[in-house]
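Engineer: Dropping a structure here in structure tokens format, bear with me for questions.
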Amino acid sequence: MVILVVIGGGGLTVARLHGVFGADKPPLYADAQSNDTKPFNPQHLTYEIFGPAGTVATISYFGADGNPQRVIGARLPWSVTFVTTAETAVQSIAAQGDSDSMGCRILLDGMVKAEQTAHHDASTFVSCKTKNA
Numbered sequence: 027m028v029i030l031v032v033i034g035g036g037g038l039t040v041a042r043l044h045g046v047f048g049a050d051k052p053p054l055y056a057d058a059q060s061n062d063t064k065p066f067n068p069q070h071l072t073y074e075i076f077g078p079a080g081t082v083a084t085i086s087y088f089g090a091d092g093n094p095q096r097v098i099g100a101r102l103p104w105s106v107t108f109v110t111t112a113e114t115a116v117q118s119i120a121a122q123g124d125s126d127s128m129g130c131r132i133l134l135d136g137m138v139k140a141e142q143t144a145h146h147d148a149s150t151f152v153s154c155k156t157k158n159a
């Protein structure tokens, strides 16, 4: 008789604890999408290479998708603008041309993030790099 009372009392205790802590409720599987998202804010990224008019350059840069791009025989001044949605990214541009001076510039939403100029006797190499965070 004592064993039955102990088993009954233990069962009742476990049942009440399940009710208090919610173990009797089935698990909920929520949708993975959140309605509390940050507003979408695309950024406009511009690469520029500048130098004396008529300078011919080979230009390498990372495009909007992060893949390397190359332009051969570009006449200066040269620029490209595209929209990026990456919150963090590395922007990089490099150019080599046939003049004695050249410069590069990286702009993000119209603000200069990096700028370099270089001067050499025969052919000039210049590069700019920045991180967007």
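Take 27 as the starting number for the sequence shown in the numbering used here and just add one per residue.
Note that the Cβ used here is the ideal one computed from N, Cα and C, for glycine as well.
Work out the CA separation of N67 and P103 for me, nearest whole Å.
Structural biologist: Taking the straight line from one Cα to the other gives about 29 Å.
Engineer: Only counting the same chain, and skipping five residues up and downstream in sequence, which positions put a Cβ closer than 6 Å to that of Q122?
Structural biologist: The answer, listed in chain order, is T84, F151.
Engineer: Would T156 pass as a contact of I132 if the rule is Cβ separation under 8 Å?
Structural biologist: Contact flag set, yes.
Engineer: Can you tell me the Cα-Cα spacing of L134 and D147, whole angstroms?
Structural biologist: Taking the straight line from one Cα to the other gives about 32 Å.
Engineer: What whole-angstrom Cβ distance do S149 and P78 have, given they're in contact under 8 Å?
Structural biologist: Rounded, the Cβ-Cβ distance is 13 Å, inconsistent with contact.
Engineer: Out of N93, S125, S105, which one is the CA nearest neighbour of H70?
Structural biologist: Here the closest residue by C-alpha is S105.
Engineer: Cβ atoms of Y87 and S125: under 8 Å apart, would you say?
Structural biologist: Cβ distance not < 8 Å, so S125 and Y87 don't count as in contact.
Engineer: Whose C-alpha, out of G129, M27, V138, A41, is nearest the C-alpha of F76?
Structural biologist: Among G129, M27, V138, A41, the Cα nearest to that of F76 is on G129.
Engineer: The beta strand (DSSP E) that contains P94, what's its start and end?
Structural biologist: Its beta strand (DSSP E) spans residues 94-101.
Engineer: Where does T111 sit, in a helix, a strand or coil, going by DSSP?
Structural biologist: In this structure, T111 counts as coil in the three-state DSSP scheme.
Engineer: Quick one: what's got a C-beta closer than 6 Å to A140's C-beta in the same chain, skipping five residues either side?
Structural biologist: Only I132, C154, T156 meet the Cβ criterion.
Engineer: Hey, V82 and R96 are a contact pair by Cβ (cut 8 Å); roughly how many whole angstroms apart?
Structural biologist: Rounded, the Cβ-Cβ distance is 14 Å, inconsistent with contact.
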